[in-house]
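Working notes, structure below.
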Amino acid sequence: MIVQPIDYLLIVWFALAVLSTLYVAWDQFRHNPEPVVMKWGFILVTLYMGPLGLLMYVLADKEPQPGTHEEFTRPLWKQGVGSTIHCVAGDATGIILAAVITATLGLPMRIDLIVEYIAGFAFGLLIFQSLFMKHMMGGTYLENVRKTLLPEFISMNAMMAGMAPTMSFLMMGRDMRAMQPTSLLFWGVMSLGVGVGFFVAYPVNVWMVKRGLKHGLMTERESSTHSNHGGSHAGYRMKSDATVPQLAAVAGVTTLMLLAGLIVPGFYVNLSLSAHDVGGYIMPPGMIMDFNTPAETMRDMSAILPRLVSYRAPADARGDQILEPHLDNGVKVYDLEASVIRWNILPDVAVDAYAFNRQVPGPRLQFTEGDHIRINFHNNLPESTTVHWHGLIVPNEMDGPAEITQKPVPPGGSYNYEFTVGQSGTYFYHTHDHPDRQQAFGLYGALLIAPRDGKEPKADIEYVVQLQEWLKREWLTYPAMLMEGGLPNYFTINGKAYPATEIVKMKVGQTLKLRIIGTNNNFVHPMHMHGGPFEVVAVDGQILAESARYMADTVNVGPGQRYDVVWNARLPGKWLFHCHIPHHTTNNNVEQNGGGGLMMIFQVEP
Ligand SMILES: [Cu+2]
45 MIVQPIDYLL
55 IVWFALAVLS
65 TLYVAWDQFR
75 HNPEPVVMKW
85 GFILVTLYMG
95 PLGLLMYVLA
105 DKEPQPGTHE
115 EFTRPLWKQG
125 VGSTIHCVAG
135 DATGIILAAV
145 ITATLGLPMR
155 IDLIVEYIAG
165 FAFGLLIFQS
175 LFMKHMMGGT
185 YLENVRKTLL
195 PEFISMNAMM
205 AGMAPTMSFL
215 MMGRDMRAMQ
225 PTSLLFWGVM
235 SLGVGVGFFV
245 AYPVNVWMVK
255 RGLKHGLMTE
265 RESSTHSNHG
275 GSHAGYRMKS
285 DATVPQLAAV
295 AGVTTLMLLA
305 GLIVPGFYVN
315 LSLSAHDVGG
325 YIMPPGMIMD
335 FNTPAETMRD
345 MSAILPRLVS
355 YRAPADARGD
365 QILEPHLDNG
375 VKVYDLEASV
385 IRWNILPDVA
395 VDAYAFNRQV
405 PGPRLQFTEG
415 DHIRINFHNN
425 LPESTTVHWH
435 GLIVPNEMDG
445 PAEITQKPVP
455 PGGSYNYEFT
465 VGQSGTYFYH
475 THDHPDRQQA
485 FGLYGALLIA
495 PRDGKEPKAD
505 IEYVVQLQEW
515 LKREWLTYPA
525 MLMEGGLPNY
535 FTINGKAYPA
545 TEIVKMKVGQ
555 TLKLRIIGTN
565 NNFVHPMHMH
575 GGPFEVVAVD
585 GQILAESARY
595 MADTVNVGPG
605 QRYDVVWNAR
615 LPGKWLFHCH
625 IPHHTTNNNV
635 EQNGGGGLMM
645 IFQVEP
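Pasting the structure below:
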C-alpha cells in the first residue's frame with residue numbers, strides 16, 4: 045500500500061531489479077562462458093542490487109565478443125568485482141533469510157544482527173564457497189572449508205560492516221515498516237544494505253584476488269566443463285603470496301570494522317526493540333528517538349496507518365450531531381462507537397482520526413438533570429480505549445480512567461456506562477486511555493445538560509465551540525502533542541479549520557451564548573471576540589452568581605475548561621471569533637481568506 049512517497053520509488057526500483065535480473069539470467073545461461081556458481085552469483089546480486097548489479101555485469105563480466113571472456117575479465121578491478129560477487133551472493137542470501145526469520149520470530153534487532161552475521165557467514169562459506177566451488181577447486185569439501193575460511197571471514201566482515209549499520213539505522217528509523225518482511229520497504233532496506241555491503245567489501249576483495257587468496261572471475265566453456273567434470277582444474281588453483289602479518293592485519297581491521305558496524309548504531313537507535321514491538325509504525329518527522337526510547341513511546345506518537353481507516357466521511361460532513369437516545373424502562377440509552385475514519389478539516393485537507401460515531405467532534409449528548417442514562421459503548425479502534433464523562437459526578441466504576449477505575453475496553457470490546465445525571469451545564473466526554481494519543485486523534489464530544497428547573501442564562505442563539513489541534517505531515521496524521529516532532533500544524537473549531545468553519549448568521553440586537561470547550565490536548569487558547577465584549581456567565585458547567593459574572597473579550601480556554609459567554613450583536617458586519625495565538629489561526633502556517641485554524645465568523649445583518 046502506498047502511504048509514503050518512497051513507496052513509489054520502491055515499486056520502480058523493484059520493477060527494474062526484476063527486469064535486470066531476468067536479463068542477466070537469460071544472458072548468463074545463453075552466452076556467458078563462466079562457471080555455474082558465478083552465473084548464479086551475478087543473478088542473485090542483480091536481484092538484490094537491481095540496475096547496479098546489471099551495470100557490474102555488463103561492465104566487468106559479460107563477454108563482449110565470442111571468445112574474449114578470458115581477456116575481457118583479466119583486469120584486476122573486474123577480478124575484484126567477481127570475487128565480491130560470489131562473497132555477496134552467498135553472504136547476503138544468508139543474511140536476508142535470517143532477517144526474515146528473526147523479524148517473523150520477533151527477536152530484538154541486536155540479536156537479529158548476530159544471527160544474520162552467523163547465517164550469512166555459514167551460507168557463504170559452507171554452501172556458496174565450499175560446496176558450489178568444490179568441483180572447480182578440487183579437493184574434499186572439508187579442505188575447501190578450511191582453505192576458504194579466512195578469505196571468507198575477511199570479506200564477510202567487511203560486507204557486514206556496511207550492511208549492519210544500513211539495516212540498523214533504516215529499520216529503526218522513522219518509517220519502521222522497514223522491519224516487516226511483508227513491507228516493500230523491508231526489501232528496499234535489504235537491497236540498499238547489500239549495495240553498501242558490496243562497496244565496503246570490494247577493496248579487500250581486490251587485495252585478496254591480487255594476493256591469490258580468492259578467485260575473481262573465471263572462464264569456463266562448454267567443452268572444458270565436460271572434460272573437467274568431477275575433477276580439479278589446473279587454472280583455478282591458487283598460490284597466495286600474502287604474508288602472515290598482512291593477513292593478520294587485514295583480518296584484524298575488517299573485524300574492527302564489523303564490530304563498529306554492529307555496535308555503533310546502538311549508540312543512536314534502540315537495538316533492543318523487535319519487529320513485534322514497533323514493526324510497521326511510522327514516526328513523526330522531528331521526533332527525538334534515541335538508543336533507549338521505549339517501544340511504548342514510539343507506538344504512542346506513531347501515525348494512524350491509513351489501512352486502518354474504516355470509513356471516509358464526506359468532505360462537507362459536520363461533527364457534533366445530536367445523538368438521539370432510545371428509551372428502555374425509563375433509561376435513556378445511547379449507542380456510542382469508536383472507530384478510525386478519514387475526516388476533512390478543510391475541503392482539500394483530510395486527517396485520519398479516531399472518532400465517536402464517525403464524526404469529529406463526536407455526537408452531542410444532550411441530557412436533562414435527573415435523567416437516568418446508559419451508554420452502550422463499543423470499541424472498533426485498533427487499540428484499547430475508555431470513555432470519561434468530564435466534570436460529571438458518577439459512580440467511580442463509570443468514570444472511565446483506564447487501569448484505574450476499569451479495565452480498558454479492548455479492540456472489538458464493549459462497556460456499558462450507566463449513571464444518573466445530577467448536574468447541569470456545559471461538559472464533554474473523551475477517551476481516558478492514552479488520551480495524549482487518542483484525544484489528539486479526535487475522541488471527544490460535547491455533553492450538554494439542561495437544568496431541571498430551566499433556570500440558566502439564555503440567549504437568542506446558542507453555539508458550541510470545541511477546540512482541537514492536529515499534526516498532519518507527509519500524508520499521515522500524527523497525534524499532536526507538546527513533544528519534539530509532535531507540534532500541531534492544523535487547528536479546528538468543531539472539526540473544521542477556517543475558512544471551513546461555520547458562519548453563524550445573526551441580527552443586530554440578538555444575543556449569542558457561546559459554550560467554549562477545551563476539548564484540545566495541548567494549548568491554552570486565548571479565545572477572543574471582535575465587536576465588543578461578552579459576559580462570562582458560567583465556568584466549567586457552574587453558573588456564576590449575577591455578582592460574579594464579568595465582562596471580557598478574551599477567555600483563556602485551557603484543556604478541559606469550559607466557558608459559557610453571552611455576546612450582544614451590536615453592529616452589523618462580519619465579526620471574528622478566534623484564538624489570539626496567531627499561529628493557531630493558520631493552516632500549516634498558511635493564511636487563507638485572512639486566516640485559518642481557530643477562527644470563525646459571526647455574520648450580523650442589520
Ligand atoms: Cu490557540
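In this note's numbering, the protein residues as written are 45 to 650. Where a beta carbon is used, it is the ideal one built from N, C-alpha and C, also for glycine. None of the values given here were measured: they were computed from a predicted structure.
Rounded separation between residue i and residue j - CA only
i	j	result
residue 322	residue 547	44 Å
residue 537	residue 597	18 Å
residue 438	residue 476	15 Å
residue 112	residue 264	12 Å
residue 516	residue 641	13 Å
residue 392	residue 148	39 Å
residue 306	residue 606	54 Å
residue 521	residue 51	17 Å
residue 303	residue 296	11 Å
residue 165	residue 58	26 Å
residue 62	residue 540	46 Å
residue 630	residue 483	21 Å
residue 274	residue 258	At residue 274, the pLDDT of 35 sits below 50, so the modelled position is not reliable; the number obtained from the coordinates is stated separately. Each residue's alpha carbon lies about 21 Å from the other.
residue 423	residue 454	7 Å
residue 132	residue 190	19 Å
residue 501	residue 584	14 Å
residue 155	residue 319	12 Å
residue 491	residue 218	38 Å
residue 315	residue 157	9 Å
residue 593	residue 380	36 Å
residue 403	residue 46	25 Å
residue 549	residue 384	33 Å
Bounding residues of the alpha helix (DSSP H) (the contiguous stretch that carries residue i)
i	result
residue 155	153-166
residue 249	228-254
residue 134	120-149
residue 201	185-215
residue 437	Residue 437 -> no alpha helix (DSSP H), and no H or E assigned at all.
residue 595	Note, residue 595: premise wrong, no alpha helix (DSSP H); beta strand (DSSP E) at 594-596.
residue 87	80-93
residue 62	50-74
residue 344	339-345
residue 113	113-116
Close beta carbons around residue i, own chain, < 6 Å, minus the five adjacent residues each side
i	result
residue 544	390
residue 222	214, 215, 229, 230 and 233
residue 574	619 and 620
residue 356	386
residue 163	138 and 142
residue 608	470, 559, 581 and 582
residue 433	473
residue 625	none
residue 279	Unreliable placement is indicated for residue 279, whose pLDDT of 48 sits below 50; no coordinate value is reported for it.
residue 83	72
For residue i: DSSP bridge partner residues
i	result
residue 383	399
residue 460	420
residue 478	Paired residues: none, contrary to the question.
residue 446	450
residue 536	512
residue 578	596 and 611
residue 406	489
residue 550	648
Where the beta strand (DSSP E) through residue i begins and ends
i	result
residue 2	Since the first and last residues shown for the chain are 45 and 650, residue 2 lies out of range.
residue 472	469-474
residue 559	555-561
residue 646	643-649
residue 298	First-last for residue 298: 288-307, but that is the alpha helix (DSSP H), not the beta strand (DSSP E).
residue 320	Element bounds for residue 320: not the beta strand (DSSP E) but the alpha helix (DSSP H), 319-322.
residue 615	Here residue 615 belongs to no beta strand (DSSP E), and DSSP marks it neither H nor E.
residue 572	569-573
Cut-off 7 Å between Cβ atoms - residues of its own chain near residue i, not counting five sequence neighbours on either side
i	result
residue 301	201, 202 and 205
residue 284	255, 256 and 257
residue 325	220, 342, 343 and 346
residue 195	252, 257 and 258
Other residues of its chain near residue i: CB distance less than 8 Å, five sequence neighbours each side excluded
i	result
residue 551	613, 648, 649 and 650
residue 464	414, 415, 416 and 417
residue 460	418, 419, 420 and 421
residue 331	218, 345, 527, 528, 529 and 530
If you measure from each residue's Cβ to the nearest non-hydrogen atom of ligand 1, which ones come out under 6 Å, in chain order? 567, 569, 623, 625, 628 and 642
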